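Student: If you're matching positions, the sequence shown starts at 832 in this note's numbering and goes up one per residue.
Just so it is clear, CB atoms sit at the ideal spot from N, CA and C, and this is done for glycine as well.
All figures in this text were calculated on a predicted structure; none of them were measured in a lab.
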Amino acid sequence: SKKPVRVAVTGAAGQIGYALLFRIASGEMLGKDQPVILQLLEIPDEKAQKALKGVMMELEDCAFPLLAGMEAHSDPMTAFKDTDYALLVGARPRGPGMERKDLLSANAQIFTAQGKALDKVASRNVKVLVVGNPANTNAYIAMKSAPSLPRKNFTAMLRLDHNRALSQIAAKIGAQVADIEKLTVWGNHSPTMYADYRFATVNGKSVKDLINDQEWNKNVFLPTVGKRGAAIIEARGLSSAASAANAAIDHMRDWVLGSKGKWVTMGIPSDGQYGIPKDIIFGFPVTTENGEYKLVEGLPIDAFSQERIALTLNELKEEQAGVAHLL
Ligand code: NAX
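Shown next as structure tokens:
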């Protein structure tokens, strides 16, 4: 049988953590033949550490055959030791009266420290997924704080936006999500993201031709996907958790086990393609194989798409400028 791999998860006692850990331990992320050791990080706060112990008790009670070990941590330097995968879910939420720049700098501190810790103690091949918001900029900060690790190992989660877009399109055209391919989401994980179905197909037919309604795209589809997080909060009284955890599983599983030729969306550091400045963590269409992602290059960008991409890029540039002095 395979040697266990180490999976670090931060914010492990939070709501996404609760929807995520059991699925990792059951083999849904890395495969039903891959034992895992969970290295769980929470803030040192007594309540958070106690809640984490509770979650670990439940993990024990599942008696998962693939769960080869479990550790609770309050310091990233121990939580990330030799870790092969790091899911950075914990982040500072926006508190009452907190301005955007306060939120950015509170998170910059967290992700600088975690990036440095990964740099020092994680496996040299660690695959990092940042879920905690602002996810793209937090991933950028962690990457910049870990100069000895390959840049390409730092990614941000756009998969929830991708999956949301997929379901909206399937409903619109009366198709199964499984039959839709070549969808992507460009940019920031925020309402400015640009979900793009221009290249999408359903059983080989063009989704754009089937919909053939640019007004729907602009005035219904994009706002629905962009504001879906807020709609969930409004309905459920809590932010998306199970769907976010599911997207994290999808992102890591496809990165590690391959997308079998299918396009998926990942937030990855740009190398300058599509006019996105180097190092900005941007949602792009990728395919994945042998543990590596590959950007889908050379797609035509029309005027409407150019405008939407510029909008989400500008937001990312502003976020980056807002944390520049902290790096
Ligand atoms: P919760 O508040 O339920 O849980 C977060 C947990 O992280 C808490 O237990 C907290 O103690 C812990 N934490 C905070 N700072 C930490 C640190 N420095 N080290 C370790 N743990 C720390 O939030 P939850 O609903 O689980 O959401 C987690 C993050 O995901 C939030 O930032 C949220 O905005 C973000 N999301 C990102 C999504 C995406 O698509 N990229 C979608 C879902 C979600 O909104």
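(1) Please identify the residue among Q1104, F985 and Y916 whose C-alpha is closest to the C-alpha of E1128.
(2) Relative to the C-alpha of K958, which residue among N1077, L861 and M887 is closest?
(3) Beta-carbon separation of F911 and L883 under 7 Å?
(4) Using a Cβ-Cβ cut-off of 8 Å (strictly less than) and excluding sequence neighbours within five positions of S936, which residues of its own chain qualify?
(5) Counting only the same chain and skipping the five closest in sequence on each side, list residues whose C-beta sits under 7 Å from that of G1005.
(6) Just mark D1085 as buried or exposed, buried being the case when its beta carbon has 16 or more other beta carbons within 10 Å.
(7) Just list the beta strand (DSSP E) runs in the region 968 to 1020, keeping only unbroken ones of 3 residues or longer that don't cross its boundaries, in chain order.
(8) Buried or exposed: where does Q940 fall if 16 or more other Cβ atoms within 10 Å of its Cβ makes it buried?
(9) Pick out whichever of G848, L997, K932 and Y971 has its Cα sitting closest to the Cα of K1109.
(10) Under a Cβ-count criterion, where at least 16 other Cβ atoms within 10 Å of its own Cβ denotes burial, should L1069 be classed as buried or exposed?
(11) For E902, which residues does DSSP report across the bridge?
(12) Let me confirm a value: W1017 is counted as buried when at least 16 other C-beta atoms fall within 10 Å, else exposed. Which label applies?
(13) Whole angstroms is fine: what's the gap from D1161's alpha carbon to K833's?
(14) Nearest to F1030 by alpha carbon, out of N1121, D1040 and S1021?
(15) Going by beta carbon distance, what residues of the same chain come within less than 6 Å of F895, once the five residues before and after it are set aside?
(16) Pull the bridge partners of D1027 from the DSSP assignment, please.
(17) In or out: Q870 buried (at least 16 other Cβ within 10 Å) or exposed?
(18) Check each candidate in G946, K1091, K1148 and Q1137 and name the one with the smallest Cα separation from L816.
(19) Determine the direct distance from the alpha carbon of Q880 to that of A903, and round the result to whole angstroms.
(20) Counting Cβ pairs, one atom from each stretch, are 3 or more of them under 8 Å apart for the region 1071 to 1086 and the region 841 to 852?
(21) Using CA coordinates, which residue listed in V1087, T1023 and E1138 is at the minimum distance from E1146?
(22) Can you give me the Cβ contacts of M887 inside the same chain, cut-off strictly under 6 Å, excluding the 5 residues immediately before and after it?
(23) Considering only the beta carbon of each residue, do V1051 and A1026 sit closer than 7 Å?
(24) Tell me the DSSP bridge mates of L919?
(25) Where does D992 land, buried or exposed, given buried means 16+ other C-beta within 10 angstroms?
(26) Apart from the five residues just before and just after R995, which ones in its own chain have a Cβ nearer than 7 Å to its Cβ?
(27) Considering only residues of the region 1030 to 1110, which uninterrupted alpha helix (DSSP H) runs meet the minimum length of 4 residues and lie entirely inside it, listed in chain order?
(28) Does DSSP classify F1135 as helix, strand or coil?
Tutor: Reading off the structure:
(1) Q1104
(2) L861
(3) no
(4) G1153, V1154 and L1157
(5) none
(6) buried
(7) 985 to 987 and 1015 to 1017
(8) exposed
(9) Y971
(10) exposed
(11) Q870
(12) buried
(13) With the chain represented from 832 up to 1158, any question about residue 1161 goes unanswered, as that position is not in the structure.
(14) D1040
(15) A856 and S857
(16) T1015
(17) buried
(18) The displayed coordinates of the chain run from 832 to 1158. Any statement about residue 816 would go beyond what the structure contains.
(19) 8 Å
(20) yes
(21) T1023
(22) M901
(23) no
(24) T841 and V961
(25) buried
(26) V1056 and R1059
(27) 1038 to 1042, 1053 to 1057, 1059 to 1067 and 1073 to 1088
(28) helix
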